[in-house]
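Heads up, the thing below is written out as structure tokens.
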Amino acid sequence: MARILRNTIFPVNYNGFGRCCRTCQCVCHNMTNLNINGRRYRHDNPWTNSESYGEVEVDIRDRPLKIGTGKLARFADGSAVVELGDTSVMMTAVCRTKSSPASFLPLTVDYRQKAAAAGRIPTNYLRREIGASDKEILTSRMIDRSVRPLFPQGFFYDTQLVSNVLAVDGRYDPDVLAINAASAALALSDIPWNGPIGAVRVGCIDGETVINPTRRELASSTLNLIVTGAEHHKVVMLEAAADNVGQPVFMNAIKEGVKQTEAIVRSIKALCEKCGREKRVTADLPSLDEEIHNAINSMSSVRLREIFTDSTHHKISRDVAVSEVREDVLTKLRESYPTADVNLMVDAFGSLSKQIFRDLIFETNTRCDGRALTDLRPISCAVDLFKPLHGSAVFQRGQTQVLATVTFDSLDSAAKVDTISSIIAGVKEKNFFLHYEFPPYAINETGRPGGIGRRELGHGALAEKSLRPVVPRDSPFTIRVTAEVLESNGSSSMASVCSGSLALMDAGVAISSAVAGVAVGVVTRLDEAGDITDYRHLTDLLGIEDYLGDMDFKMAGTKTGITALQADVKLGGLPLNIIMESVQGATDARKKILEIMNSTLRLPREERKENGPVSEKLHVPPQKRARFVGVGGHNLRTLMAETGVSVSPIDETSFQVFAPNQLAMDEAHEKIEELLNEDREPELEFGAIYTARVVEVRDYGVMVQLFPTMQPTLIHNSQLDQRKVSHPSALGIQEGQDISVKYFGRDPASGKIRLSRKALYAGASTVVKNLINRS
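As structure tokens, then:
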């Protein structure tokens, strides 16, 4: 039976026997009442219910952030629209009523920014939105990382958040608005969620922090930081790109961002009091008998402690040892308790493993691989691995190994940015980008290689942000860095930063400073109220520490400042003091890593490799441009096909010539010299009289040629005689005839020769030229 609502009835249709509701097809006895199983109900109409509509405003820098609900997408469990300036984002939240069989939260976040929001039409063949852009995927991940930690433990219901950018004014990036809209939609819905949260963007202009800067302000900012915060000044998520910002400025920006999120949280709470729905009651999860729990503990605890304290284990052997214990315990439990749920026993074993792993850190202040809490794993580096490559490096940190390569190409190979992202960010293409690859063999698994998942795209974007500030912006090449993970045991994205930095220096890219990255984690102990009572910081995370810990804090930078940051929290938020200590711990570790990297290669190579590409700027006078390019670009295409170079126009007189190597450039020089020499013109003297040959007679003038190697030039009828001439034939001028003309230089705009026959009647020149003088 359809959901029964209250207050007023939906529109109904008459079916000949009575009135029938269009929504649920229940038969009505009259316009306002239904008869269902002998009881009388009344439908609720959300279109007329004033209690379902509300709006709040948050003033940030005198720019109101509006959060509203009740007007759009009212069938969804929760919906909200957030506006800043003329940029609007709608978010809907829908959750199934039946639990998923999976033992994790199946949360899906889809952020879409449609071309219509910016008043544009998609430029693809179908002229419609197809697939998700990189920007959309990265924003979806950012929303997911902001809301996922606040779902209750054991909530395994399929939940979907769909964000739709309704309007874009080009001043504000909708990503921060989408996070706030997701928070409002979940808080207003009946979906169990321990929010709300708030998000702001923080910039730094002339040393001063700016909250929610505009696109123009962000262009002059050295920091682009997104802070997601919860109540009581807790940090939930951080995402930052910085231009080598110092640690004090960065820490102050985080504090200011968290402070501003408090106002957003309060406003969403006020909106929920008016329009929010009561949270649904979910079914209790099935649980194991205490006897089985005790059996798992007694059979597993000692063996697990031995595994997690044996520092001789590596990633594979430790995983195999734990798996053997699990299989042995499950086999015995199946015999003793044949009716027990195996999945519940597996979950109980996993919870026990996690608890023992974390307890050992607190008890011994030592990690499972024998390191102290702040120690780094052994690091080794190597560069110039393969001679044919423009640049290459491998970075090994413990059992994490990343191979990075650098490839140069012409500026035509720059990565294109989708239309909406270019409007928002003001960038149409990128001549520096990094691609991150994580093949299945990196963790000893099988799978389909290739393809780009959301994780690979996110890790690559983080590594790219880390390196971008040190790469020259006026590079004559498009630079592509490929980071391929060969072995992975934690923090592969930060290892990609280190290997990418070394590969750039090996390729001779004049980066301003080496860049290193490191991941820092934290393990906490909570009281019954959920407050943190004790914690330990872990530097240079292992894969298992990332999986069983409470935070993954990745930070990259140079010896003087920070270039990128990404922090994910698995709890409902961490206090500021823990975040500040993480920044300090990551800074100390980064400096140590840079010392090791500098011992391998301290400065970029002064010269690129011999097989490296070459780029030069070619100047072509305006009068020779047509000859150089050729009809329909024929000469230019021939030059590129014969030599392998790429020629791109810069302005009216300049071209950028890119060659894959010096040999190709030398060959292109010869071809260009021949092309321009063929069109070489003699020096013409201003005011001199020349004998020109008529090559074509037109209604409005004649085309004449001064020298055989020169292009024909038009003499308009107005320049043929002192009298008004309607057609050149009136003066007896014919094709092949030689006439005397006076030279007045070239047009400064078009570069065309200016000739006049009429000027000869005004006075004689001191210099006379004829056909005999042509050569």
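Under the working numbering, the first residue of the sequence shown is numbered -9, with each subsequent residue one higher.
Note that the Cβ used here is the ideal one computed from N, Cα and C, for glycine as well.
In this structure, residue 228 and residue 557 form a Cβ contact; the two beta carbons are roughly 4 Å apart against a cut-off of 8 Å. Runs of the alpha helix (DSSP H) lying entirely within the stretch 409 to 496, each at least 4 residues long, are 409 to 415, 444 to 457 and 482 to 496 in chain order. Rounded to whole angstroms, the separation of the alpha carbons of residue 636 and residue 247 is 47 Å. Restricting attention to 131, 237, 617 and 83, the CA atom closest to the CA of residue 569 is found in 237. If you ignore the 5 residues before and after residue 423, its C-beta comes within less than 7 Å of the C-beta of 405, 454 and 470, all in its own chain and listed in chain order.
Note on residue 126: 16 or more other CB atoms within 10 angstroms of its CB, so buried under the neighbour-count rule.
Residue range 612 to 619 is occupied by the alpha helix (DSSP H) that includes residue 615. The beta carbons of residue 395 and residue 382 sit about 5 Å from each other, so the pair counts as a contact at 8 Å. Where residue 175 is concerned, there is no enclosing beta strand (DSSP E), although the alpha helix (DSSP H) around it starts and stops at 164 to 178. DSSP, read as helix, strand or coil, puts residue 147 in strand. A direct Cα-to-Cα measurement between residue 444 and residue 658 gives close to 43 Å.
Across the structure, residue 586 and residue 593 are spaced so that their CA atoms are roughly 13 Å apart. Counting only runs of 3+ residues, the beta strand (DSSP E) found wholly inside the stretch 571 to 648 occupies 604 to 609 and 636 to 639, in chain order. Rounded to the nearest angstrom, the gap between the Cα atoms of residue 577 and residue 135 is 23 Å.
Residue 595 and residue 476 have their alpha carbons spaced roughly 26 Å apart.
Within the same chain, Cβ atoms closer than 7 Å to the Cβ of residue 717 are found at 689, the five residues on either side in sequence being excluded. Bounds of any alpha helix (DSSP H) do not take in residue 215; it lies within the beta strand (DSSP E) bounded by 213 to 220. In this model, residue 541 and residue 510 are separated by some 8 Å (Cα to Cα). Distance from residue 219 to residue 258 at the Cβ level is roughly 12 Å; contact not present, criterion being Cβ atoms closer than 8 Å. The C-alpha of residue 340 lies about 14 Å from the C-alpha of residue 288. Per DSSP, residue 191 is one residue of the beta strand (DSSP E) stretching across 188 to 195. Nearest Cα to residue 323 within the set 312, 336 and 311: 336. Straight-line spacing of the CA atoms in residue 239 and residue 319 works out to 52 Å. DSSP lists 80 and 102 as the bridge partner or partners of residue 154. Across the set 709, 458, 495 and 308, the C-alpha of 495 shows the shortest separation from the C-alpha of residue 591. Shown here for residue 734: same chain residues with a beta carbon closer than 6 Å to its own, the five before and five after excluded, namely 744 in chain order.
In the structure shown, residue 385 falls within a strand segment according to DSSP collapsed to helix, strand and coil.
Under the three-pair Cβ rule at 8 Å, the stretch 94 to 105 does not count as touching the stretch 177 to 191. A check of alpha carbon separations from residue 398 across 466, 452, 375 and 408 identifies 466 as the nearest.
Your pair residue 302 and residue 350 does not check out as a contact, with CB atoms roughly 16 Å apart and the cut at 8 Å. Residue 597 and residue 384 have their alpha carbons spaced roughly 21 Å apart.
About 7 Å separates the CB atoms of residue 546 and residue 506; that is less than 8 Å, so the two are in contact. Counting other Cβ atoms within 10 Å of its Cβ, residue 535 reaches 16 or more and is therefore classed as buried. In the structure shown, residue 244 falls within a helical segment according to DSSP collapsed to helix, strand and coil. Using a 10 angstroms sphere on the CB of residue 224, the tally of other CB atoms reaches 16 or more, which defines it as buried.
Under the DSSP assignment, residue 380 falls outside any beta strand (DSSP E); it carries neither an H nor an E label.
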